[in-house]
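**Q** Numbering that gives the first Met the number 0 numbers the first residue of the sequence shown as 0 and each following residue consecutively. Please read through the structure below; I'll follow up with questions.
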Amino acid sequence: MQFEPCGPLMDITVISGVLTEVHLPHVACLGEGLKSTSLKDEVRVLDVQDGGMFLEKCELTRFHAKLLHPTFSPKGLLIRSGFPVKVHCEVLIYQTLTAHLTLHVYLVTCDPKTLQEVDRQEKDAVKISKPAPRKSLQAWSWYTLQTKKGNEDFYSKINPESLKLRHSPIKYCEIYVKKAEDDFELHLMNNKKEEVWAAEIRAEEYRTPDRYSSSDKQKAPSMDYAVWFVDEHRAELIQRVSLVTPIADDLKAYIGDEKYSIITACKTPQEQMRKLYRFLSDVGSLEKIFYQSLLKNEPHLVADLTGEG
0 MQFEPCGPLM DITVISGVLT EVHLPHVACL GEGLKSTSLK DEVRVLDVQD
50 GGMFLEKCEL TRFHAKLLHP TFSPKGLLIR SGFPVKVHCE VLIYQTLTAH
100 LTLHVYLVTC DPKTLQEVDR QEKDAVKISK PAPRKSLQAW SWYTLQTKKG
150 NEDFYSKINP ESLKLRHSPI KYCEIYVKKA EDDFELHLMN NKKEEVWAAE
200 IRAEEYRTPD RYSSSDKQKA PSMDYAVWFV DEHRAELIQR VSLVTPIADD
250 LKAYIGDEKY SIITACKTPQ EQMRKLYRFL SDVGSLEKIF YQSLLKNEPH
300 LVADLTGEG
């Protein structure tokens, strides 16, 4: 019998005392006629121990699986593959700001760890928040994304066109619109071509890179813009940044104590900045954090370099 994840894998430990039961969160919907007794033989708790992985029976409530006298090891709820159950889910939309209008659209279960993982993957994108589907959706089914404007199709490139609603792996559809200027709608359709979710994407909610002003980029810089700014103005920043130590403070968690000490030990701001630039290339992907620190500590200099001073 094969099983699929129906909730997060949790590593449970107790510092002191005795734990008589544990409640593991799950994403299965029990509110539409499906009773917990119907799932009794379909769900198991995965127990990961040094000797291997084991499946245990549990008591299922509306939002949790209750396990009595648990051992202290990683645990998560599983459900039999193919069992027709609906799950609580979210549609997540992120604008990448890389080329024209590019959106990443995710269909994921309402699992906090999954939501955090998507946010981590899209840390350099701008999130466009929309309400979740009003009803739970059938798990392990395929759903198709469409773009429309009113009753007409709205031209876009969607790749892939369909997403499977499952706990993992986390995948997304890319929606690419070359000349986006107007409002349009996103529609999620099930395999019966019935609409199960829709949202309006308003022009005010997105901006394509060529429509971004310098002040916009300062408020929500993309990684591409941050890399360009830091590289384009390297010479000016080395000569003109005076508050290097506060910037190094912002980068300390990423570059480590040793590199931080090397920067702060330099005698002049120019020497500090040269070291900082070298460490940026050593660590990688720090340009956005560096740029945001410049905005905070040297706002007038950034404004001057972008022509808004």
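Backbone N, C-alpha and C fix where the C-beta goes; we use that ideal spot for every residue, glycine too.
#1: At a threshold of 6 angstroms, does L136 count as lining the ligand NAD (C-beta to nearest heavy atom)?
#2: Just to confirm, is the Cβ distance from G6 to L76 under 7 angstroms?
#3: Shortest alpha-carbon distance to K147 belongs to which of A197, N158, H99?
#4: My guess is that L187 and L144 are in contact by the Cβ rule of under 8 angstroms, so how many angstroms apart are they, rounded?
#5: Note the first and the last residue of the continuous alpha helix (DSSP H) segment covering Y259.
#6: Would you call the region 81–95 in contact with the region 129–143, where contact means no fewer than 3 C-beta pairs closer than 8 angstroms?
#7: Using a Cβ-Cβ cutoff of less than 6 angstroms, which residues in the same chain neighbour Q1 once the five nearest sequence positions on both sides are dropped?
#8: In terms of residue numbering, what span does the alpha helix (DSSP H) encompassing T267 cover?
#9: At what residues does the alpha helix (DSSP H) containing H299 begin and finish?
#10: Could you check what DSSP says for I127 in three-state terms: helix, strand or coil?
#11: What residue range is occupied by the uninterrupted alpha helix (DSSP H) comprising I169?
#12: Using only the alpha-carbon positions, how far apart do L164 and L106 sit?
**A** With the given structure in hand:
#1: With respect to small molecules bound, the structure shown includes none, and the ligand NAD cannot be examined in it.
#2: Here G6 is near L76, since their CB atoms are less than 7 angstroms apart.
#3: For K147, the nearest C-alpha among the options comes from A197.
#4: The C-beta distance from L187 to L144 rounds to 6 angstroms, short enough to meet the 8 angstroms contact threshold.
#5: Counting along the chain, the alpha helix (DSSP H) containing Y259 begins and ends at 243–264.
#6: Contact holds: three or more Cβ-Cβ distances are below 8 angstroms.
#7: Excluding positions up to five away in sequence, the list reads S80.
#8: In the DSSP annotation of this structure, T267 is not part of any alpha helix (DSSP H), being labelled neither H nor E.
#9: According to the DSSP assignment, H299 belongs to the alpha helix (DSSP H) that extends over 298–304.
#10: In the three-state reduction of the DSSP assignment, I127 falls in the coil class.
#11: No alpha helix (DSSP H) contains I169, which DSSP labels as neither H nor E.
#12: L164 and L106: Cα-Cα distance of roughly 6 angstroms.
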